[in-house]
Amino acid sequence: FPSTTVPSISALFSVIQISLNSELDIICKIPHCVPISAHRKWNFDDLLEKIWDYLNLIRVYTKPKGQLPDYTSPIVLKSSAHTIEDLCNKLHRSIMREFKYALVWGSSVRHQPQRVGKEHVLNDED
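Here the sequence shown stands for residues 1 to 126, where the numbers follow UniProt numbering.
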């Protein structure tokens with residue numbers, strides 16, 4: 001059988017018991033590990049960021065014309081398929097038949113907003 005590698009992250013709990021900063025520095029250097037403390041609610045943001053990085057997902061927020069963007073419910077795309085065309089197909093297949101352009105705000109464009117075509121590659125949180 002061919003072997004496959006599955007990306008993984010180790011969450012190191014009970015970091016509250018570590019007393020020395022030097023011990024914590026050593027733990028932070030361990031690859032694919034994130035020290036967290038549930039008791040102190042510490043470092044959960046780093047764990048969440050690592051999970052997003054390892055899953056290779058991006059979040060895209062939609063904005064209906066004349067309304068504010070919906071920052072509560074992003075469209076989640078795989079990083080291997082994250083063009084405007086991929087986004088349109090995820091929303092509904094018929095959108096591409098009438099597609100002319102999209103307005104994009106975020107780090108993938110130079111101007112806010114910028115008019116782009118279906119080949120435009122989206123970044124996380126566009």
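For each residue, glycine too, the CB sits at the ideal point set by N, CA and C. What you are looking at is a predicted structure, and each value in this text was computed from that prediction instead of being measured.
- With 16 or more other Cβ atoms from the protein chains shown falling within 10 Å of its own Cβ, P35 counts as buried.
- At a cut-off of 4 residues, the continuous stretches assigned as alpha helix (DSSP H) that sit fully inside the region 15–101 are 21–28, 44–55, 84–91.
- At least 7 angstroms separates the beta-carbon of L47 from that of C33.
- The residue from N89, Y61, R110 with its alpha-carbon nearest to that of E98 is N89.
- Of V104, T72, Y71, the smallest CA-CA separation from L87 is found for V104.
- Distances from the CA of K78 to each of V121, P64, D25, I9 were compared; the closest alpha carbon is that of V121.
- Distances from the CA of S10 to each of T4, I51, A38 were compared; the closest alpha carbon is that of I51.
- Counting only residues of its own chain and dropping the five nearest sequence neighbours on each side, I75 has a CB closer than 8 angstroms to the CB of R59, V60, Y61, T62, L87, K90, L91.
- Nearest C-alpha to G106 among P69, T5, E49: P69.
- Per DSSP, the continuous beta strand (DSSP E) segment holding L12 begins and ends at 10–12.
- In this structure S80 touches N56 by the C-beta definition: roughly 7 angstroms separates them, less than 8 angstroms.
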